[in-house]
Structures are given as structure tokens and as C-alpha cells.
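As they're listed, the protein sequences go chains A and B.
When we follow my numbering, the leftmost residue of the first sequence carries the number 8, and every step to the right adds one.
When we follow my numbering, the leftmost residue of the second sequence carries the number 18, and every step to the right adds one.
Heads up, the beta-carbon is just placed ideally off N, CA and C, and yes, glycines get one too.
Written below as C-alpha cells is the structure these notes are about.
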Amino acid sequence: MKKDTLILSFESSCDETSVAVIKNGKEILSNIIATQIKSHQRFGGVVPEVASRHHVEEITHCIELAMDEANVTYDDIDAVAVTYGPGLVGSLLIGIMAAKTVAFAHNLPLIKVNHLAGHIYSANFVTDLQYPFMALLVSGGHTELVLVTAPGEFHTLGDTRDDAVGEAYDKIGRVLGINYPAGKQVDQMAAVGNDVFDFPRAMVQEDNLDFSFSGLKSAFINRVHHADQVHESLNKDDLAASFQGAVLDILSNKTFRALKQHPVNQLVVAGGVAANQGLRKRLKEEIEKRNLDMELVFPPLRLCGDNAAMIGAIAQIQFDQGDFADLSLNSDPSLDF
Amino acid sequence: MKILAFDTSNKPLSVAVVEDDKVLAHIESTEKKTHSVTLLPDIQSSLADANLSIDDIDRIAVADGPGSYTGVRIAVTVAKTLAFTLNKPLVGISSLQLLAANGGDGKLCVPLMDARNDNAYSGVYLNKQGEVVNIVEDQHITMTKLLALLQKYDEDKLEFINATQRLTDLIREKYPDAEIMSEEDSLPDATKLAKLAEAAEPVKDIDSFVPTYLRLTQAEHDWYEKGHKDDGNISYVEEV
Ligand SMILES: [Zn+2]
């Protein structure tokens, strides 16, 4: 029988400090997440220097809680994994330095993990992944369609040409007077409003798989500003519904275009925007409408945002492949697949 | 007592392993290297040079700021994680006190870090028989204010440490004959850090150990300027 593998994993790429203990890439023994949202809400968005300072405040406490909750000692741990990019350089460095220090102190192998790969493998806690599978990665920093052909083998099919989808939510949220992060509230307003403004669906007709949200964002902002100038009052729920309607059309159009080119049995939706109820509903309906025999995989809400559990899931594959880093590991803020 | 000491507060890096008065290992670098890349390998080689394992170390010492925000965070994160994960005593020493330790015996040392626009991080320390006693607390200060504040001290006893050319020019305007230590002699020295740390109290709560930045972030500064106040009940970071 194969021995269990326990990986102590770290994630600090943006404004969450997270440490987890993961068993065999499949089972979460602990997943401590310290979020800084309340701090950055003061400034309307993540301030990198503030984020870095909070990570230093939190890091050892998170390790302690993760080890305690998993009820393990360092003797039980087989490897240390850490996000090394993409993300904010100052934030990434805290997780990296802490992870390297623990690996050094306890003589454990070190695994460097791509944050995007981590998001996709959050699905590993929900289902048994079957290769190849398609992943739609949607978050505040990323909007990508990725074909995963084998464990740890990623092929980017489409990317955003401007704003990430979550970023677009935050920007139009500001116009609606919603505090950062705006995604959840816009989603709730969209659920009660109607799509009446007919905002543009960028590149829906084009044959590539790239995304663009800046045209939509500008159309939204212009519409609101115009209304302000002529003292016209617009229904905010309708605005939210119209924005979200366009976003879902774009995401769904590109996703099913990709699935037509690369038929697979599983569609994984990951990243912070995977928590969006409108998106969940829409993709489910589209699959039914098209009569596709395909499993739609959404990670539980807690695993959609940034967390170290997902880092431990992909790290297990790298552990099995002997893909280790050394103590000179540095951050790579613009890392891609 | 075997002490592992390191500093990456600014461009230089210094790592040392010291036992009582014996330097067992010492690695220094002034080239422009990335501290995040080199610090742990340098700690590893220092221990190898000293023929010790990390488990043999009795105390971790780190220069905890002020300095480059990122630089100080790198050393502080490694130090607190090391002390926490191996359950070892941790001592934080002011990065300015460490510079002051380069000064002569009996001198009133004024360590400086150029903070641009004629500002500096500075303080005043009295060096006497190996002790480096704080006289004026570390602060972020304009050079005009600093030089005014130094007026009450005997000019002959002052020694300026780690002044850039610009800071040197400003000091010379007021004190043409000031004793200003060369850049080379001003470098932070982890063997001196170990010595300072040997006499100091270890931190009580490793989790809450953070760098001494001496400055708010710009975003926080602007936020308070607008009249905002912290709500005493709000914790900005929450476990979820
Ligand atoms: Zn993320």
C-alpha cells in the first residue's frame, strides 16, 4: 500500500495569508485563511504595501493553526509547497520566505506552485479529475480557458486582453457605490434586476478564445455618467443585471466554443468569480440545453477564493513527479502557464 | 551561547554565526543581489562553515528595521518563522542600532539611512565599552530637524555613520569638521548584531513580531489625513 503524503502548503499571493495541511492532494486536514479584506476596504482596493505588512503579521500564527488543526508534527510532513507567482511581489515573498524557512529548518523538500494551477486543482477536492478536462479560471486577476491534458499539463486556449473579469466587477461596483470586492453584491442585484441596457458583448462573434471586458466596462460607466448629467435615474439592479448578462454571455460563448474544439468530460470552473451564482446557473443551463454529457465542477465557495489547500492539491502532483525547488526560490509576479 | 544573526535591511547582506566572542562564520555581500534569493542559502552555508546544524543554534537575531520595507520583511519573516518553527528564542535589534555599533568608543553615534528628499531614518546612540545605548529614539526625520536636534550635544563627540553623499553634504553645511564614517566602515555587521542580541531580551510573542517601519504606508497616511479613525473593535485581518 502506498504511504500517505502530507504537504504543508502556503499561499500569500494577494490579500489572503493561508496555510494548509493536505493529505495525498485530496483531503484537507486544515486550511487556515486569514483575509485582509476589511483592511483594504478602507482604500477601495488592495494596496500592495499594506498587504505585505499584514502577511508578516499573520504568517507564523497561520502555520501554528494549520499544524494544530491537522493535529500533525513536522515529522508527519513530507514536503512544503508555496505559491511563487503570479501575484503581488511583496505578498508572494512572505509566503516564499516562510515556506523556504520551514523546509530548511525541518529538512523537507520544497515545491514551487503556480497560483493559477492551484486554482484549477481546487476541483481535486470535489471530484476525481479525468484528463483531458477544461478549466475556466475566473478571478480578480485572471480570466483564462485552460485545457489540462494530463496531471500538471496546462495549455492556455484563451486569456483576457484587458481587465480580468473580477476586476471589471470591482470597477463597475465602484460606480454603483459598492465597496470592494463588489462581485457578490453585483451578483445578488443582478438576480433581481433585468437586462435592459443591452451592453456590448465583446468579441462574441470572433473565432478566437480570448476575452475582453474593457468595452463592456466603459459602456457601463458611460451610461451611468450620461444619466447623471441629464438627471435620469437608473435602476441599479437593472444595471447590475445588464452588466452580468453581458459577462455571462461572453464567458459562456467562449467556454462552449472551446469545448466544441476540445470535447472533454469535465468542465472545471475555478477562481473567486466561480462563486458567482449567476455563472453557476448559466453554465448548468447551457450544458443541459446542449445535451452535453459533461460533469460541471464548481469548488465549494471556501475554495474559490485564494487558499493554501488548492496549492497542496497541485503540489501533490509535482511531489509525485519529483519536481522540487531549492532554497534560492524567488517570486515570479507575472508567471503564467 | 551560539547565535545565528542576519541583516538584510538595506542593500548589504550580512549573516553570522557567533559563539560568545568567537566568530564561527561570517558571510557579507554588498553587491546588488536579491536578498530573497540569497538569504537562506547564505544561512545554510554559514552553518556549514561553522560546522553546526540549525538545531545547535541557541538564539536567532535579526535587524528588524527601519530600512527598505521589502528588505526588512525578508529577514524578519525568516527570523520569526525560524524561531517559531524550531521553538528558539528570537531577538530583534534596531537596524540603526546595528549601524551605530560601528562607531568609536565614547562616541555619540548618529546612524543614518537616506530616506530621500533630505529625509533620513536616524537616532542617536552612545557607544560605551561595547554597549550601544539609545539616546534619541529611531525616527523618520528631515535632516534640518535632525541637525537642529543634535545642537545640544558636544560636536566633538558626534560621529555620523552610513551617510550618503547627499546627507554628507547637508551635515557638512552645519558641521564642516564633522566626523563622518566612510561608507565601507559603515556597513552593517552581523557579528556585531549577534553581540547586541546576546545582551538583549528575547521577544515574548513571536507571532506578533513585525518590522519597525517607522512610517505608515502612503495609503494609510492618506486615509488618516482624511480624518478617518480606527474603530477599536475592528480587526483588519480575520480568519475565515
Ligand atoms: Zn487567485
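Range of the contiguous beta strand (DSSP E) that encloses residue i
i        : result
A/Thr150 : Thr150 to Ala157
B/Asp131 : Leu125 to Asp131
B/Tyr192 : No beta strand (DSSP E) holds B/Tyr192; DSSP gives it neither H nor E.
B/Phe177 : Leu175 to Ile178
A/Asn38  : Glu34 to Thr42
A/Met141 : Phe140 to Val145
A/His162 : Glu160 to Gly165
Buried or exposed by the 16-neighbour rule on C-beta atoms within 10 Å, applied to residue i
i        : result
B/Gln114 : buried
A/Met74  : buried
A/His62  : buried
B/Ala216 : exposed
A/Gln284 : exposed
A/Gln212 : exposed
A/Ala41  : buried
A/His238 : exposed
B/Met18  : exposed
B/Ile152 : exposed
B/Thr161 : exposed
Residue i, enclosing alpha helix (DSSP H) - first and last residue
i        : result
B/Tyr138 : Unbroken run through B/Tyr138 is the beta strand (DSSP E), Asn136 to Lys145; no alpha helix (DSSP H).
B/Glu200 : Glu200 to Ser203
B/Ser63  : His52 to Asp66
A/Arg287 : Gln284 to Lys296
A/Val254 : Lys243 to Gln268
B/Leu113 : Ser112 to Ala117
Distance between residue j and residue i (C-alpha atoms, nearest Å)
i        : j        : result
A/Leu290 : A/Ser259 : 7 Å
A/Phe227 : A/Ala175 : 10 Å
A/Gly147 : B/Asp75  : 44 Å
B/Thr87  : A/Lys33  : 35 Å
B/Leu99  : A/Ile14  : 19 Å
A/Ile35  : A/Thr167 : 32 Å
B/Val227 : B/Val93  : 7 Å
A/Arg287 : A/Val276 : 9 Å
A/Lys261 : A/Asp217 : 8 Å
B/Glu237 : B/Leu231 : 13 Å
A/Ser20  : B/Asp122 : 46 Å
A/Phe344 : A/Ser249 : 33 Å
A/Gly184 : B/Thr25  : 43 Å
A/Ile103 : A/Asn78  : 23 Å
B/Asp81  : A/Val155 : 44 Å
A/Thr12  : A/Ile29  : 8 Å
A/Pro139 : B/Lys28  : 48 Å
A/Thr150 : A/Gly279 : 11 Å
A/Ile101 : B/Arg90  : 8 Å
A/Asn31  : A/Ala316 : 11 Å
A/Gly345 : B/Leu129 : Outside the displayed range of chain A (8 to 344) lies residue 345 of chain A, so it cannot be described from this structure.
B/Tyr142 : A/Pro340 : 40 Å
Proximity test, Cβ basis, 8 Å: residue i and chain A
i        : result
B/Phe101 : yes
B/Ser63  : no
B/Ile71  : yes
B/Lys221 : no
B/Glu242 : no
B/Glu255 : yes
B/Arg76  : no
B/Lys19  : no
B/Glu237 : yes
B/Thr25  : no
B/Leu57  : yes
B/Ile44  : no
Below-8 Å beta-carbon distance, residue i vs any chain B residue
i        : result
A/Thr90  : no
A/Gln192 : no
A/His162 : no
A/Val153 : no
A/Lys119 : no
A/Asn215 : no
A/Ala73  : no
Stretch-stretch touch, CB-based, cutoff 8 Å, three pairs: the segment 265 to 278 of chain A with the segment 241 to 256 of chain A: Contact fails: fewer than three Cβ-Cβ distances are below 8 Å.
Validate contact between the segment 83 to 99 of chain A and the segment 112 to 130 of chain A using beta carbons, cut 8 Å, 3 pairs: Because the criterion of three Cβ pairs below 8 Å is met, the segment 83 to 99 of chain A and the segment 112 to 130 of chain A touch.
Meets three-Cβ-pair contact criterion under 8 Å: the segment 45 to 62 of chain B and the segment 102 to 117 of chain B: Too few Cβ pairs lie closer than 8 Å, so no.
Members of the segment 48 to 59 of chain A that neighbour chain D once the beta carbon cut-off is set at 7 Å: Of the protein chains in the structure, A and B, none is chain D.
Contact the segment 100 to 109 of chain A vs the segment 127 to 134 of chain A: 3+ CB pairs below 8 Å: No, the segment 100 to 109 of chain A is not in contact with the segment 127 to 134 of chain A.
Three-pair Cβ contact test at 8 Å for the segment 43 to 56 of chain A versus the segment 315 to 332 of chain A: Taking 8 Å as the limit for Cβ pairs, the verdict is that the segment 315 to 332 of chain A does not touch the segment 43 to 56 of chain A.
Segment contact flag, the segment 314 to 325 of chain A with the segment 171 to 189 of chain B, C-beta cutoff 8 Å, min 3 pairs: Two segments are said to touch when three or more pairs of C-beta atoms, one from each, lie closer than 8 Å; by this definition the segment 314 to 325 of chain A does not touch the segment 171 to 189 of chain B.
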